[in-house]
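**Q** Here it is: the structure, laid out below.
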Amino acid sequence: MKKSVRIFQWSFLRICFVLVTGVFFLSLGSHNQTHSLNLTSVTDTLSTSRFSWVGRLAAGNISGSSIVTLDTTANEYESTSSGNLFTNDTVAIGNGAAIVTNDTVKNILSLSQFEISPALTSSQTTAGMFIIATRSATHTLSFTTASAVPNGAFRVLIPTISNATNAKDGIPDRGGFDFSATTPTVTCPSSVGATYNFVGGTATASAVVVGSTTYHAFECRYSGTGAIGQSFTGFTINSLINPAPNSGHTDGFADSYTYLVQNLDSTHSVVDQTTGAIAVVESVRVTATVDPQITFRIFGVNSGTSVCGLTTSVTTTATTVPFGSVSISSFTSAAQGLTVATNATNGFAVTALENDQLGRNGNVCTGGGPSFSNPCIPDSAGDNGLMTSSVTDTWNNNTTVGFAYTLADPNSSTTPAFTFSTGYRKFADNENSVAAQTIFSGSSVASNQNVFVCYKIIVAPTQQAGDYTNNITYRATATF
1 MKKSVRIFQW
11 SFLRICFVLV
21 TGVFFLSLGS
31 HNQTHSLNLT
41 SVTDTLSTSR
51 FSWVGRLAAG
61 NISGSSIVTL
71 DTTANEYEST
81 SSGNLFTNDT
91 VAIGNGAAIV
101 TNDTVKNILS
111 LSQFEISPAL
121 TSSQTTAGMF
131 IIATRSATHT
141 LSFTTASAVP
151 NGAFRVLIPT
161 ISNATNAKDG
171 IPDRGGFDFS
181 ATTPTVTCPS
191 SVGATYNFVG
201 GTATASAVVV
211 GSTTYHAFEC
221 RYSGTGAIGQ
231 SFTGFTINSL
241 INPAPNSGHT
251 DGFADSYTYL
261 VQNLDSTHSV
271 VDQTTGAIAV
281 VESVRVTATV
291 DPQITFRIFG
301 VNSGTSVCGL
311 TTSVTTTATT
321 VPFGSVSISS
331 FTSAAQGLTV
341 ATNATNGFAV
351 TALENDQLGR
361 NGNVCTGGGP
371 SFSNPCIPDS
381 AGDNGLMTSS
391 VTDTWNNNTT
401 VGFAYTLADP
411 NSSTTPAFTF
421 STGYRKFADN
431 ENSVAAQTIF
441 SGSSVASNQN
451 VFVCYKIIVA
461 PTQQAGDYTN
471 NITYRATATF
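Each step along the sequence shown adds one to the number in UniProt numbering, with nothing skipped, and position 209 is 209.
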């Protein structure tokens with residue numbers, strides 16, 4: 001969720017939001033008839049599940065200009081709007097070996113234009129040239145063994161495209177994860193006595209084809225007897241490049257990719273296997289990594305809607321929350337809905353994390369506030385000064401300035417962390433080393449369980465004019 005605020009004689013706030021979904025996994029049964037059982041409790045947490053962004057230059061870009069104009073022809077390229085780009089993203093512009101990677105996004109002007117620094121060069125103006133913002137993620141897997149397999153290996157297969165050269169060139173792909181031009185590192189789980197003694201992990205690009213799907217392979221071999229019911233949490237792959245959106249992709253809906261976790265024997269035959277899926281969605285301006293049997297969706301709420309004990313001031317969409325002019329004497333409010341449906345027997349959880357408090361022109365708001373060396377709109381402290389990311393406080397006093405959120409549970413079957421009847425909380429602040437907080441969860445299967453996230457802001461009369469921004473990331477995780 002990206003928020004941007006502009007303060008005039010009153011106060012002006014415009015907020016865009018980044019939806020980030022989590023990782024969801026499902027045991028889909030045996031892939032090979034030699035499999036006896038499925039691995040259980042399989043999860044994969046991505047350090048980021050945002051789409052990579054791959055656009056093209058439109059005609060008319062000018063050398064020396066800091067404004068980049070995109071080709072927005074629908075479904076022509078992987079990314080045809082600036083909707084998944086953010087201030088301070090690094091972009092590469094060019095073709096082949098001529099791609100230049102030192103451009104920084106300074107401002108998003110519209111869906112078709114954004115500003116960069118340094119400015120375009122004469123070799124970066126040709127229509128159809130690549131504009132690339134890669135998002136690399138570390139995959140952290142956990143699982144529990146089903147069989148005692150002596151002197152074997154654990155292998156994770158992550159889907160990629162069929163063209164082996166393009167699958168490892170460092171350019172995001174439509175249809176799978178890019179291996180990167182530099183070989184990813186694999187960290188194996190900790191050894192378990194004489195049962196599992198691991199050696200160094202290996203990574204092989206485009207190593208396995210199952211049916212019509214090509215997979216990168218990541219393997220940890222071990223010596224030892226193996227064991228039934230042994231849990232592992234430290235299998236990490238660092239780092240693959242996330243896919244770009246598939247053709248015909250719709251904002252707010254995740255693209256899914258099937259992966260496999262296997263237990264191999266000493267002859268490299270598959271003994272046990274679990275099939276799941278990872279899915280990636282654009283930041284809501286929130287990433288959703290969703291399983292084929294789970295959906296995670298964000299939807300907008302109209303202005304004038306009564307929710308969370310307030311009436312919203314503006315209309316939101318799945319990807320934007322435009323606050324408009326904000327009074328210094330009364331609150332401005334907005335809302336979005338988050339919906340989860342899953343058949344995961346052990347349920348799900350959705351967390352939220354802001355990268356920083358609202359800083360003018362993208363400046364860092366160092367520390368927890370409320371005073372900063374740079375102009376910042378602080379997160380609210382609440383009427384009693386008790387509000388944190390995990391402690392609720394009332395917030396009705398319009399002299400208590402800042403930004404915060406509350407929750408509403410419309411179907412009473414979800415378990416929100418708190419609701420508007422008890423007050424508000426500030427978002428967990430990553431810059432201040434505060435861990436992401438769970439905002440709602442379920443303990444079993446869910447059929448379109450949802451909450452409303454309601455945002456409220458008010459600024460002081462002395463707040464300096466300018467554009468204030470930060471990003472909020474939602475992550476949903478389900479365990480099967």
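Even glycine gets a Cβ: it sits at the ideal position worked out from N, Cα and C.
1) Using only the alpha-carbon positions, how far apart do Thr107 and Ala476 sit?
2) Go ahead and pull the three-state DSSP assignment for Glu431.
3) Is it right to say Gly309 is buried, meaning 16 or more other beta carbons lie within 10 angstroms of its own, or is it exposed?
4) Taking only the alpha-carbon atoms, compute the straight-line gap between Gly324 and Phe403 and give it to the nearest angstrom.
5) Cα separation between Thr275 and Pro172?
6) Among the residues of its own chain, which have a CB less than 7 Å from the CB of Ser223, if the five just before and after it don't count?
7) Is the Cβ-Cβ distance between Gln449 and Thr406 less than 7 Å?
8) Where Asn397 and Ser330 are concerned, what is the direct C-alpha to C-alpha distance, given to the nearest angstrom?
9) Can you look up Ser82 in the DSSP assignment and give me helix, strand or coil?
10) Please list, in chain order, all residues of the same chain as Ala428 whose beta carbon is under 7 Å from its beta carbon, the five residues on each side excluded.
11) Assign Gln464 to one of two classes, buried (16 or more other C-beta atoms within 10 Å of its C-beta) or exposed (fewer than that).
12) Which residue wins for smallest C-alpha separation from Ile158, given the options Tyr215, Ala446, Ser82?
13) Kindly list the residues whose CB is nearer than 7 Å to the CB of Asn61, restricted to its own chain and excluding five residues on each side of it in sequence; keep chain order.
14) Can you list, in chain order, the residues of its chain with a C-beta nearer than 6 Å to that of Thr305? Leave out the 5 residues immediately preceding and following it.
15) So, is Asn374 buried or exposed, given that buried needs 16 or more other C-beta atoms within 10 angstroms?
16) Would you list the residues sitting across from Glu115 in a DSSP beta bridge?
17) Who does Glu219 pair with in a DSSP beta bridge?
18) Tell me the DSSP bridge mates of Phe232?
19) Going by other Cβ atoms of all chains shown within 10 Å of its Cβ, with 16 needed for buried, is Val199 buried or exposed?
20) Grab me the residues of Val91's own chain with a C-beta within less than 7 Å of its C-beta, minus the 5 sequence neighbours each way, in chain order.
21) Can you list, in chain order, the residues of its chain whose CB lies under 6 Å from that of Thr422, leaving out five sequence neighbours each side?
22) Apart from the five residues just before and just after Ala74, which ones in its own chain have a Cβ nearer than 7 Å to its Cβ?
23) Give the DSSP-derived three-state secondary structure of Lys168 in the structure shown.
24) Alpha carbon to alpha carbon, what distance is there between Val271 and Ser239?
25) Within its chain, find whatever has a CB closer than 6 Å to the CB of Ser333; leave out the 5 residues flanking it on each side and keep chain order.
26) Give me whichever residues DSSP pairs with Phe299 in a beta bridge.
27) Determine the extent of the beta strand (DSSP E) in which Val54 is found, giving its start and end residues.
28) Can you round the beta-carbon distance between Arg297 and Pro243 to whole angstroms, since I take them to be within the 8 Å contact cut?
29) By DSSP, does Tyr77 sit in helix, in strand, or in coil?
30) Label Asn411 either buried or exposed according to how many other C-beta atoms from any shown protein chain fall within 10 Å of its C-beta, with 16 as the threshold for buried.
31) What residue range is occupied by the uninterrupted beta strand (DSSP E) comprising Leu260?
32) Heavy atom of the ligand MG less than 6 Å from the Cβ of Ala205, yes or no?
33) For Ile62 and chain C, any beta-carbon pair shorter than 7 Å?
**A** With the given structure in hand:
1) Per the sequence presented here, residue 107 reads as Asn, with Thr not at that position. Roughly 28 Å between the two C-alpha positions.
2) Reduced to three states, the DSSP call for Glu431 is helix.
3) Per the 10 Å Cβ criterion, exposed.
4) Spanning the alpha carbons of Gly324 and Phe403 requires a straight line of approximately 15 Å.
5) If I take the Cα positions, the gap works out to 24 Å.
6) Hits under 7 Å: Asn151, Asn197.
7) In this structure, Thr406 does not lie closer than 7 Å to Gln449 by Cβ.
8) Near 9 Å, if we compare the C-alpha coordinates of Ser330 and Asn397.
9) Residue state, collapsed to three classes: helix.
10) Cβ within range, chain order: Ala352, Leu353, Glu354, Ser389, Val434, Ala435, Ala436, Gln437.
11) With a 10 Å radius around the Cβ and a threshold of 16 neighbouring Cβ atoms, Gln464 comes out exposed.
12) Nearest of Tyr215, Ala446, Ser82 to Ile158, Cα basis: Tyr215.
13) Here the set comprises Val68, Thr69, Leu120, Thr125.
14) Same-chain partners within the cutoff: Thr312.
15) Exposed is the call here.
16) In DSSP, Glu115 forms a bridge with Ile67, Asn107.
17) The secondary-structure analysis by DSSP pairs Glu219 across a beta bridge with Arg155, Thr202.
18) In the DSSP output, where bridge partners are listed per residue, Phe232 has Phe143.
19) Classification for Val199: exposed.
20) The residues are Asp103, Val105, Ile116, Ile131, Ile132, Ala133.
21) The residues are Thr392.
22) Excluding sequence neighbours, Ala74 sits near Thr80.
23) The answer is helix: DSSP assigns Lys168 an H, G or I state.
24) When rounded, the distance between both Cα atoms is 27 Å.
25) Here Ser333 has Leu310, Thr312, Ser313, Lys456 as same chain residues with Cβ atoms under 6 Å from its own Cβ, once five neighbours each way along the sequence are excluded.
26) Answer is Gly337.
27) 53–56 is the extent of the beta strand (DSSP E) around Val54.
28) 19 Å between Cβ atoms; not a contact.
29) When secondary structure is reduced to three states using DSSP, Tyr77 falls in the coil class, being assigned neither helix nor strand.
30) With fewer than 16 other Cβ atoms within 10 Å, it is exposed.
31) It spans 255–264 - the beta strand (DSSP E) in which Leu260 sits, taken as one unbroken run.
32) Within the structure as shown, the ligand MG is missing, as the structure has no ligands at all.
33) Considering every chain present, this structure includes no chain C. It has just one protein chain.
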